[in-house]
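Just so you know, the sequences run in chain order A and B.
Counted from 1, the first sequence has number 159 at position 160 by numbering that gives the first Met the number 0; the numbering is strictly sequential.
Counted from 1, the second sequence has number 85 at position 86 by numbering that gives the first Met the number 0; the numbering is strictly sequential.
For each residue, glycine too, the CB sits at the ideal point set by N, CA and C.
Okay, so here's the structure we're looking at.
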Amino acid sequence: MLKLVFSVFGVALAVTPVTAAPQETNAVLLNQGEQIYQDNCALCHQVSGTGSPPTFPALNGNALLGNAARIVRSIQQGTDQMPPFPYLTIEEISAVTSYIRKAWQNTWDDVDIEEVASTLEGSTASDQMTSVWDTVFTEEQANRGQAVYQGACGLCHGRRLNGAPDDPDMSSTPPLARARFLRIWGGRSLATLFSYIRATMPESNPNSLTEQEYTDVIAYMLSVGGMPTGNEELPTDLQQLAHMFIQPRP
Amino acid sequence: MAKKDNKTSVDPKGLSRRDFVRTGAAAGLGAGALLESEQLQAQESATSATDTAWDYEVDVVIAGGGCAGLTAAIRAKDLGASVLVVDQNFDLGGRMLHSGAFVSLGGGDPVQRRDMKGESDKEGLITVDPVEDPEELDDSVDLLFTDMTDWSVVDPKGQNPYRYNERELARSWAENCPATRQFLIDNYVRFTRVSGTHGGGGLSRARGARCFLMLGDKTDIKAGTITAEDAGVADPERTSAFAPVQMNNATRTVAPNAVSNGVALSRSLEFSAREKGVEFMFHRHFDELVREEPFTGRVVGIKAHYAPRLHPETGERLESFWDNGNVDERRDTINIRARQAVILASGGHAGNPQVRSMFYPAMREPAFPTSGNALQGAHGQDASALIAGLRVGANLAGMQQNISYPTTFHISTRLGTRDAYTTMMPGHPTFGFRKSAGVNVGNAGFEEFIAVNQVGKRFFSEVRLPTRPGGSRYPGDRGAPGQGLSHKPLDWRNCRKEWVREMYNYDHGLDAALALNEGSKAPDYYSGPLWAIFDQEAVERTGWELRHPYVSDNGYFFQADTIEELAEKMAKGHEFQRVPLSHLAETLTKWNGYVDAGADPEFEREADAPMYRIATPPFYALSIMVIWHDSYGGLRVNGQQQVVDMQGQVIPGLYAGGEAVGGLNKHGLGKGHVHGYVAGTHAAGEPTS
């Protein structure tokens, strides 16, 4: 199986420490952190840092951000609710951690690369990423997912997964396949998609399907989007899903 | 025909005495001719009982066999009345039949209580746990009444619809919700778990449940089963004569193999009504009320004319799915005497452009229909109750409330069909009236094309066109139970300007679509049809299937190798395209320039979504429809559903319900069923004359 390989940690650890004036360092770091935040975190925690409690906690004014090591580990390894982001480099984790501790009304100190590196020392997280186009699910799994989809999702997201409910009294919803879906979700991992769906869907009763059912629905979404089937099922394990990128058709 | 006490059910009488031929209303005339004949007739004086010879006589006559009429019919029959339902269509159910069957009742109704206790239904068909928390289901009549009369609830247009509600109607509705739910259950209607609330009310409690049947070897309403073929789920591109709209999967709210939509509701009620001996006269349009004197005395009957619905291909008369209880009467205009009462349940005015102009003159444009125009035909929602009521002196109510709910009139995301509110697949006999199911692109699909008016000019940001305002909301509430119990009814803060401004977030693209343009001609200055224009690359991006049964050569879909040829085909091939699309080519050139420059100076499309060049043939056009679905505003009634005149006096013997009446801003079936239940109750209690 052909895999996209991103050599992440090797590059990150080789980065030469920045030697510019502290003020300037801070601005560069925070700008980089803001971009990473918008690309990876704002989907749930919002650009404004207000989150969407109780589903997605606010970061603005959240006392837990005082514990830098906890934040760093949560980003790289995930939590019960939050997906891991193993593809972020040490430098990127430093930037985004520093950003959320400084943004909005927050006033905590920056977290530098050394601190992140020492917190993550001994981490066995793999940095090998695959793409959803690399046969990551089976046809049988997609079929199972279709059955779950029709019961739990189809009424709102439509028979064609294009966000057009059949019941005309119902409002349109986000498409779950094809170009529009890829535009919103491209560059994110399947762990992020899984966590987001589990936390928010079905809207009337989030987190009411099993992990297997959520994963099967994702397999079905990918199959409708034209991604090829393979011999191995999409796993339910968040760590494994975190290593699979959603990408436009190569 | 069944006989009961001294009452005779549907007596044909005086057949030899009557030879009434109604001018212009002969079978087979087109919709325009029929409407015209009605206008002529409206100029005559109202009919009185003294110059009327009766053809039929029955205790209760009901105009319309939809959700209000069918409910009223069963209720009146249960209470001992003989009942005849007159319907202009060939089958029962009205728009209840094509609905999603989301019946929002409440007030502590039996389904709320069942789910609150975590119980299954009596037959044990429901195997899933309740969807809503018990707290969300803890409802009462007083809470529901407060919801429906809360002056402080605003909607995203910054309006406050409930302040206009007739309080007596809101009280009656709230008080009768629990009994109506039980009544429906007693007549074979099976309800799913409550999930959310559908339209209207302050939304403080979950009260919406859908109706279901279980897939099985045969269609048997008593057993609660339906075949996959009848349910329209055996083949993704085929439905049945039983189900105009394919049924939905109801696994999540019932059990595996459960299916739901209006078919489960309407056919169950119909089965019960026929079993109980209600009688039906189809293909017959309700025209006039007969009062003792034109403006005084009791309403004693109706006039109705024969208007058969013929199969669009074979020309044969369409026939109802079941026929027990049908009265086959084909004479032209007949008079039907009601010994006790007439109930008007013949729907609203959404399908009558002339009457619509009372509310929004730009919607006099006949290019835009109401929902279900294939299923119901030209007379669906044609304001017959409102017109007949006015002729005997009835008052109207709630005339501004059409503006206050998102499904009143809106741009549909189902393109390429005139009947754009619902999807209908081949297999139902009325499919031939629309000829295409349409392509439902959802709101997201509007990013993929440019939308142009009748002269081929863009008029609004496409992305913002299909957005409908949400329902009425309290501050901080997303508008559904489970998403905010913290709201406070009747709190002035709900109406303070800061919140109203926050709520006022609605794009008025619909009004741009209806605006005057270069093709608008005196005296009506119609805005004309709307079109989605795109190319082959859009088809490849989206996977839209531009083939039978989704599109056809019915004048609502065109394809050509050049834009000029496309414009020519559209101008020739669409029934409401009155002028050439003379700007289309130039619009496309301009658009492609905007795409190349990355900016759309006219409508700032780049801010909302990516812009795509439209340059790869073949080029396509799909119709975009404005659909006027709900009717708010109609006959004024009191809490017993008795029609009230301009002096505030009840018109004796006349009841109305559902979309024929105004004064209660409440979307959906929940209103109609309660109206029918209340009207049926009181109509059957009227003295016999």
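Could you check if alanine 257 of chain B is buried or exposed, using at least 16 other CB atoms within 10 Å of its CB as the buried criterion? buried
Kindly indicate which residue of B:Val538, B:Ile73, B:Gly117 and B:Ala608 has the alpha-carbon position closest to the one of lysine 275 of chain B. B:Ile73
Does DSSP put lysine 145 of chain B in a helix, a strand or coil? The identity of residue 145 of chain B in the sequence shown is threonine, whereas the question assumes lysine. Helix.
Can you tell which of A:Ser47, A:Val131 and A:Pro53 has the C-alpha that lies nearest to the C-alpha of asparagine 59 of chain A? A:Ser47
Would you verify that the beta carbon of threonine 250 of chain B is, or is not, closer than 9 Å to some beta carbon of chain A? yes
Report yes or no: do the stretch 125–140 of chain B and the stretch 61–73 of chain B share at least 3 C-beta pairs separated by less than 8 Å? no
Indicate whether at least one CB of chain A lies closer than 9 Å to the CB of proline 686 of chain B. no
Strictly under 9 Å for the Cβ-Cβ distance: is alanine 479 of chain B near chain A by that measure? At alanine 479 of chain B the pLDDT is 43, less than 50, meaning the model places this residue with poor confidence; the figure from the coordinates comes in the next sentence. By this cut-off, alanine 479 of chain B is an interface position.
Helix, strand or coil for alanine 198 of chain A? Go by DSSP, reduced to three states. helix
Report yes or no: do three or more beta-carbon pairs, one from the stretch 156–165 of chain A and one from the stretch 429–437 of chain B, lie closer than 8 Å? no
Under 8 Å, with one C-beta from each stretch per pair, do the stretch 268–288 of chain B and the stretch 75–83 of chain B reach the 3-pair mark? yes
Status (buried if at least 16 other CB within 10 Å, exposed otherwise) for histidine 507 of chain B: exposed
Interface residues of chain A around tyrosine 420 of chain B at Cβ under 7 Å? Pro167
Mind listing the chain A neighbours of threonine 412 of chain B? Cutoff is C-beta to C-beta under 8 Å, in chain order. Ala163 and Ser171
Quick one: Cα of methionine 645 of chain B to Cα of tyrosine 654 of chain B, how far? 15 Å
Report yes if the CB atom of tyrosine 611 of chain B is closer than 9 Å to the CB atom of proline 600 of chain B, and no otherwise. no
Residues bridged to histidine 304 of chain B [DSSP beta-bridge criterion]: B:His284 and B:Thr332
One or two residues paired with tyrosine 654 of chain B in a DSSP bridge: B:Ile342 and B:Gln641
Short check: CB of alanine 393 of chain B to CB of leucine 634 of chain B, under 9 Å? yes
Counting only beta-carbon separations shorter than 9 Å, does valine 462 of chain B have a partner in chain A? no
According to a CB-to-CB cut-off of less than 8 Å, which residues of the stretch 434–446 of chain B neighbour chain A? Asn439, Val440, Gly441, Asn442, Ala443, Gly444 and Glu446
Would you decide whether arginine 500 of chain B is buried or exposed? Buried here means 16 or more other CB atoms lie within 10 Å of its CB. exposed
Could you check the C-alpha separation between arginine 413 of chain B and methionine 624 of chain B for me, to the nearest Å? 8 Å
Give a yes or no on contact between the stretch 383–391 of chain B and the stretch 145–165 of chain A, applying the rule of three or more CB pairs nearer than 8 Å. no
Counting only beta-carbon separations shorter than 9 Å, does alanine 151 of chain A have a partner in chain B? yes
By how many angstroms is the C-alpha of isoleucine 183 of chain A removed from the C-alpha of alanine 479 of chain B? Bear in mind that the predicted position of alanine 479 of chain B carries a pLDDT of just 43, short of 50, making it too unreliable to give a figure here.
Here's a check: name, in chain order, each residue in its chain whose Cβ is nearer than 6 Å to the Cβ of valine 660 of chain B, leaving out the five neighbours to either side. Gly633, Leu634 and Val636
Which value, in whole angstroms, describes the spacing of the CA atoms of arginine 158 of chain A and glycine 150 of chain A? 11 Å
For glycine 157 of chain A, which residues in chain B fall below 8 Å Cβ to Cβ? Asn439 and Gly441
By Cβ distance below 7 Å, which residues in the same chain neighbour tryptophan 627 of chain B in space, the five residues on each side in sequence not counted? Ala349, Arg355, Met362, Phe367, Thr369, Thr407 and Phe408
Three-state secondary structure (DSSP) of asparagine 88 of chain B: coil
May I ask you to list the residues that DSSP assigns as paired with asparagine 247 of chain B? B:Ser259
Quick check: the Cα distance between proline 251 of chain A and tyrosine 36 of chain A, rounded to an integer number of angstroms? There is no way to answer for residue 251 of chain A, as the model of chain A reaches only from 0 to 249.
Buried or exposed: where does proline 528 of chain B fall if 16 or more other Cβ atoms within 10 Å of its Cβ makes it buried? buried
Got a sec? Which residues, its chain only, sit under 7 Å from histidine 582 of chain B by beta carbon, not counting five neighbours each side? Val454, Gly455 and Lys456
Residue interval of the beta strand (DSSP E) (run including tyrosine 55 of chain B): 55–62
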